[in-house]
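K.L.:
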Amino acid sequence: MSDTRPSNFSSVWADLRGVTFSQGYLDAGGIKTRYISSGSPDKPLLLCLHGVGGHAEAYSRNFGPHGEHFWVVAIDMLGHGWTDKPEINYQVKDYADHVLAVLKALGRERAHITGESLGGWVATYLAVHRPEVVDHLVLNTAGGWTAHPEVMARLKSLSNQAAEDPSWERIKTRLEFLMCDKSMVSDDLIETRRSIYSQPGFADTMKRIMCLQEMEIRRPNMITEEQYRSIKAPSLVVWTSHDPTATPAEGKEISEMIPNCKYVVMNECGHWPQFEDADLFNRLHIDFLLDK
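Numbering (full-length UniProt numbering), first residue to last: 1 to 292.
1. Please specify which runs of the beta strand (DSSP E), each continuous and at least 3 residues long, are wholly inside the region 168-256, giving them in chain order.
2. Measuring only the C-alpha atoms, how far is residue 181 from residue 267?
3. Output needed for residue 124: all residues of its chain with C-beta closer than 7 Å, excluding positions within five of it in sequence on either side, in chain order.
4. Once you ignore the five residues that flank residue 254 on each side, which residues in its own chain have a CB closer than 6 Å to its CB?
5. Taking its Cβ as the centre, do 16 or more other Cβ atoms sit within 10 Å of residue 290, making it buried, or is it exposed?
6. Count the other C-beta atoms from every protein chain shown that fall within 10 angstroms of the C-beta of residue 276, then say buried if there are 16 or more, exposed otherwise.
7. Among 287, 274, 245 and 103, which residue has its Cα nearest to the Cα of residue 262?
8. What residue range is occupied by the uninterrupted beta strand (DSSP E) comprising residue 34?
9. Between 101, 148, 89 and 14, which lies nearest to residue 57 when the distance is taken from Cα to Cα?
10. Could you tell me the distance, in whole angstroms, from the CA atom of residue 154 to the CA atom of residue 219?
11. Would residue 214 pass as a contact of residue 257 if the rule is Cβ separation under 7 Å?
12. Could you spell out the range, first to last residue, of the beta strand (DSSP E) harbouring residue 266?
13. What are the start and end residues of each continuous beta strand (DSSP E) run of 3 or more residues lying completely inside the region 71-138, in chain order?
14. Which first and last residues belong to the alpha helix (DSSP H) in which residue 280 is found?
15. Take residue 230 and list the residues in its own chain whose beta-carbon comes closer than 7 Å to its own, dropping the five residues that flank it on each side.
16. For residue 106 versus residue 233, is the C-beta spacing smaller than 7 Å?
17. Here's the rule: buried if 16 or more other CB atoms are within 10 angstroms of the residue's CB, otherwise exposed. What is residue 186?
18. If you compare alpha carbons, which of 62, 184, 195 and 271 is closest to residue 167?
19. Do you know whose CA, among 264, 251, 50 and 208, lies nearest residue 91's CA?
20. If the criterion is Cβ atoms closer than 7 Å, does the pair residue 114 and residue 75 meet it?
21. How many Å lie between residue 158 and residue 271 at the Cα?
22. Can the beta-carbon of residue 63 be found closer than 7 Å to that of residue 72?
23. So, for residue 130: in the same chain, excluding its five sequence neighbours on each side, which residues have a beta-carbon less than 8 Å away from its beta-carbon?
24. Can residue 245 and residue 151 be called in contact, C-beta distance under 7 Å?
25. Since I believe residue 94 is in contact with residue 112 (beta carbons under 8 Å), could you give me their beta-carbon distance rounded to a whole number of angstroms?
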C-alpha cells in the first residue's frame with residue numbers, strides 16, 4: 001500500500017517525538033497555570049512566553065535542542081490556553097505579575113526569558129521593571145513598540161471571530177496569519193487551538209485579551225525609548241522578512257535602543273520563526289543564550 005500522506009505532514013506530537021518532556025499545572029499565585037517542560041531542573045531556567053491568543057505549543061519544535069542546555073518551561077500565559085482566566089482586561093502588567101508568580105512557583109529568582117509577540121512585550125516589561133529576574137532577554141517579533149491601527153484591527157477581528165465561532169476554517173485562518181508559508185498550519189495545530197478556543201466562555205475571554213488592540217489601552221502599555229535604553233540584560237531581537245505586525249526596520253529600531261543587543265532577521269518566516277524555521281532559530285537562539 002502506498003503512503004498518500006503529504007511530504008510536509010507534521011504534528012505537535014511528531015515535534016515532541018524523541019524529546020523527554022512533561023506537561024502539567026502549577027499554582028502561580030492562585031492561578032492554575034499549564035506548562036510544558038523539557039530539560040533538567042538542575043540547569044539554568046529558560047522561560048518561554050507565547051504570543052497573543054496562543055499557547056505553549058508555539059515552542060513544540062524548540063523543546064528538544066534547548067532541553068540539552070536549559071530547564072525549558074513554556075507556559076500558557078494568563079487567560080490563555082488551559083491556564084486560568086480571571087475576568088479582567090489583560091494588560092501587560094497583569095501578564096508580567098503572573099510570570100513573576102510562575103518564577104516563584106518554580107523556585108527560581110531569575111531566568112533567561114524568551115518571548116514571541118505579546119510574550120516579547122511582557123519579557124521587555126520585566127527587563128525594564130524587574131531587571132533582577134532577567135538573565136538573557138530574547139524579543140522574537142515582539143510587541144510593545146508599534147501601534148499600527150490596521151494590524152490591530154485585523155488581529156482583533158481574526159481572533160474574536162475564531163473565538164466566537166471556533167470552526168476549523170476560522171481557526172485555520174487565524175493560524176495562517178502567523179505563517180509565511182501557510183502550508184505549515186497543520187491539522188494537529190488547528191485542532192490544538194480549536195480545543196482551546198472551544199472552552200466555555202472563551203469568546204468573552206478573547207475580548208478581554210484583545211484589549212491591547214484598543215489604542216486607548218495599548219498606548220499606556222507601550223514600551224518607551226527611555227525604557228528600552230534602560231535594559232541591562234544581554235538581549236537578542238529576532239525579526240523576520242514577512243512578519244505581519246511590523247517591518248524588519250522597526251525590529252532593528254528596537255535593537256538599536258537596547259544597549260547590549262544583537263539583531264537578526266530570519267528570511268521566509270512570518271510571526272512564528274521559532275516554529276517556521278526551527279533549525280535556524282534553535283541554533284542562533286541557543287548560541288546567544290550560551291554567550292557564544
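Built from N, CA and C at the ideal position, the CB exists for glycine as well.
Just so we're clear, the structure is a prediction, and the values are computed from it rather than from any experiment.
P.N.:
According to the data block:
1. 235-240
2. Going from the Cα of residue 181 to the Cα of residue 267 covers about 11 Å.
3. 139, 142, 144 and 223
4. 145 and 237
5. exposed
6. buried
7. 287
8. 31-38
9. 14
10. 18 Å
11. no
12. 261-266
13. 71-75 and 111-116
14. From DSSP, the alpha helix (DSSP H) with residue 280 extends over 278-289.
15. So the qualifying residues of the chain are 128.
16. no
17. Buried.
18. 195
19. Measuring from the Cα of residue 91, the nearest candidate turns out to be 208.
20. Contact: no.
21. 15 Å
22. yes
23. Within the same chain, and ignoring the five residues on either side of residue 130 in sequence, the residues whose Cβ sits closer than 8 Å to its Cβ are 96 and 100.
24. yes
25. Not confirmed; about 22 Å, so no contact.
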